[in-house]
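Taking it in order: structure first as structure tokens, then the write-up.
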Amino acid sequence: MRSSFFLKSAPPFDAVSRNYKARIARWVLGAAFCVLILAFFRAQILRVREYREKSLANKVRILPLTAPRGFIYDRDGEILTENLPAYSASLLPASAATLARSMAVAGPVLGLTPDEVRELLKQGRVAPGQPILLDNNLDYRTLSNLEERRNEIPGLLIQYKPKRVYPFGPETAHVLGYVGQISEEELKESRPAYAPGDLIGQGGLELRYERELRGSKGAEYQEVDALGRLVGPYGANSFQAPTRGRDLHLTIDLDLQRAAAEAFPDSMKGAVIAIDPRNGDLLLLYSSPTYDPNLFSGRISRSTWESVVQNPERPLYNRAIQSRYPPGSTFKLAVAAMALELGEATADTRMPVPCRGGYQFGRRWFGCWRPGGHGSLNLMQAIAQSCDGYFYQLGLRLGLDQFTRHLVAWGFNAETGIDLHEERAGIVPTSAEWFDERYGKSGWGPGVILNLAIGQGEISQTPLKMAQFYAALVNGGDLLQPRLLRDERDPGSRTLVGKLPLSHANLAVLQEALAAVAMSPFGTAYAATHRTPLRYSMGGKTGTAQFVGEEDYGWFVGYGPVEDPRIVVALVVEEGQHGSTVAPIVKTLVETYLDEVGAPTLEALAEDGLAPRAVSAP
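Note that the numbering used here has the sequence shown beginning at 2, numbered continuously upward.
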């Protein structure tokens, strides 16, 4: 009975299966409906801003507006850089196919080579979403041709873009540097303020003060159609003006800078630095050969670029702060200063062996520049006549340990701190161990001090470093940080970075000896500085640097006026020159500046009974 009841009441198997499938179907449909509801909610509610931005991006382009760079002025307000009106051509972001079609039309108009076209298309892949700069200095004819074919170049953008111009070109190149298009490497160095094609400081003050000079970009919101063509401004606030960069006022004297450029013919390699010994202001910085920074302001061809960077004369190299030369006899003042401080010599000290054309040390003869010798001299006379025989013996008195210790203490192995990135520190031996590491313990001997004592051997300095040192000799011993940027709030301010530990009396000895170099008939620069009448009192030191396998390099570090120094000039000329032959250039520069500032002339001093006393002859 029970079993037959259940058999009769149980639904057929097919019915159960159908009910089960129906339930599954309802569950699936319900789940799908829920997913659709959630997706709708997410799209319409949660991601509405994202979709709105994507939609806006498809029809609106944000066009960056270049900020004019700040102006740069010399110490008297003469403008050294300008921003001239110019126009650039760019392509707005688009598909690869659209960019290729546009480039096929724009490239020939702009005179782009196939390699340049490929590089620009690559730029579009490296920085998607950014306009591709084709040329940032369009001439009128090219601009007109592009406008005529605008319909064939989807996404063509013509914008005003100020062009950086350097009115004095090569004359100020190594001070100012130049601007050039930012490289891929620079873009990768986390520089969110820049985009491909932007101009950025490259060397000199343009690089050092890039942050201050560049200003802040503006923006323009433009609506585009389906083909990427500009339709017109988008929105009420479609234009945000850029902000011009900060102006810089320099310590450089343009007249002096131009006088230096005139004194250096194109064939002469070297550098010259002038510094105000009272505060560290750099009045002049010139390196030869030089280059024209205006070459880099527009689109520069590969051949032009290579002609500059691959030039064996290295015109981009700033010899004033990067080249390190043996200082030759200009370094004898450092040796004399050490001897005076340590009590190894006084102004009247004479060496045991008179100079007879050199000095015998062991089995080696160390020659003097004057083969006939100088005879017996005191320290002041030895400086004035630059006697090598005297300084060989003075170096031996000092000894290598004291000598190298003072080189380091006085900063000859350190940078000066000038506000330029490219400066290189001088090279000096720092101890006996320094020689051991370089040559091995048996590879050198005690005779190294003789070469070092006359500024030869394992010692080399930049013109800037020698100018800083001589400025300290004539200003009372203060080692000042050289600067190119003038403090407008306090032009007389200065930054002290060290002190020469010399008494007033010892400084006076050195200063009198320096005056004798240029103003005593026995001084090594007397003939050179008196080819024309000397109008201002002047001191200085000649030097000749010798290189193995090369001709001599000529040094002269001069200053004036002696009674109240206003300018120190350090000049070096490579190959085939001597200190006495380059001294007239320094004289010209010193007199040019002293004329400008109205310093008292020798004639005026004589009338007042204040003419400086020269060192007497031996």
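We put the CB at the ideal spot given by N, CA and C, even for glycine.
Check, Outcome
"What is the DSSP secondary structure of Y235, counted as helix, strand or coil?", "coil"
"Output the distance between the C-alpha atoms of I253 and N319, rounded to the nearest integer angstrom.", "16 Å"
"Which residues bound the alpha helix (DSSP H) around Q258?", "L255 to A264"
"Report yes if the C-beta distance between R165 and L200 is below 8 Å; otherwise report no.", "yes"
"Assuming contact is defined by CB atoms lying nearer than 8 Å, are P294 and L177 in contact in what I supplied?", "yes"
"Ignore the nearest five residues each way along the sequence and tell me which others in W411's own chain have a CB closer than 8 Å to its CB.", "A335, F470, L480, G499 and L501"
"Use the C-beta contact count for F34: other C-beta atoms within 10 angstroms, 16 or more gives buried, fewer gives exposed.", "exposed"
"Would you check if the stretch 85 to 105 and the stretch 252 to 272 touch, i.e. whether three or more CB-CB distances between them fall below 8 Å?", "no"
"Please identify the residue among E211, T543 and Y326 whose C-alpha is closest to the C-alpha of Y195.", "E211"
"Please name the residue in S387, R27, L485 and D402 whose C-alpha comes closest to that of G418.", "L485"
"Of all the options H505, Q386, G477 and T582, which has the alpha carbon lying nearest to the alpha carbon of A517?", "Q386"
"In terms of alpha-carbon separation, which member of W445, E172 and L515 lies closest to Y287?", "E172"
"Might you give, ordered along the chain, the residues of its own chain that have their beta carbon closer than 6 Å to the beta carbon of F367, omitting 5 neighbours on each side?", "G359, Y360, Y393 and L451"
"Going by DSSP in three states, H250 sits in which element: helix, strand or coil?", "strand"
"Secondary structure at E148, three-state DSSP: helix, strand or coil?", "helix"
"By Cβ distance, which residues of its chain are closer than 8 Å to Y527, with the 5 residues on each side in sequence left out?", "V518, A519, M520 and S521"
"Use the C-beta contact count for S145: other C-beta atoms within 10 angstroms, 16 or more gives buried, fewer gives exposed.", "exposed"
"Going along the chain, which residues of its own chain have a beta-carbon closer than 6 Å to the beta-carbon of Q482, five neighbours each way excluded?", "G281, G418, T496 and V498"
"Look up A584 in the DSSP assignment and give the residues it is bridged to.", "BP columns for A584 are empty, so no partner."
"Which value, in whole angstroms, describes the spacing of the CA atoms of S298 and S330?", "42 Å"
"In or out: I25 buried (at least 16 other Cβ within 10 Å) or exposed?", "exposed"
"Quick check on this structure: which residue in E221, K189 and V180 has the alpha carbon closest to the alpha carbon of G202?", "V180"
"Taking the beta strand (DSSP E) that A571 belongs to, which residues open and close that run?", "I568 to V574"
"Checking the sheet assignment: what are the DSSP bridge partners for N84?", "R165"
"Hey, quick one: how far does the beta strand (DSSP E) through S288 stretch, first residue to last?", "L283 to S289"
"State the beta-bridge partners of A65 as determined by DSSP.", "According to the sequence displayed, residue 65 carries Pro and not Ala. Answer is A220, bridged to P65."
"Report the partner residues of L134 according to the DSSP bridge assignment.", "S91"
"Going by beta-carbon coordinates alone, are L111 and D136 separated by less than 8 Å?", "yes"
"Using 8 Å as the threshold, is the C-beta distance between P197 and E83 below it?", "no"
"In this structure, how does DSSP classify T143 when only helix, strand and coil are distinguished?", "helix"
"Pull up the distance between the alpha-carbon of G108 and that of L64, whole angstroms please.", "22 Å"
"Please classify E592 as buried or exposed, where buried requires at least 16 neighbouring CB atoms within 10 angstroms.", "buried"
"Extract the residue ranges of the alpha helix (DSSP H) inside the stretch 169 to 211, only unbroken runs of 4 or more that lie entirely within it.", "174 to 177, 185 to 189 and 205 to 209"
"Tell me, to the nearest whole angstrom, how far the beta carbon of I73 is from that of L285; I am working on the premise that it is less than 8 Å.", "Actually they do not touch by this definition, with Cβ atoms about 16 Å apart."
"According to the Cβ coordinates, are A529 and A584 closer than 8 Å?", "yes"
"Return the residue from the list S324, R279 and K123 that minimises the CA-CA distance to A101.", "K123"
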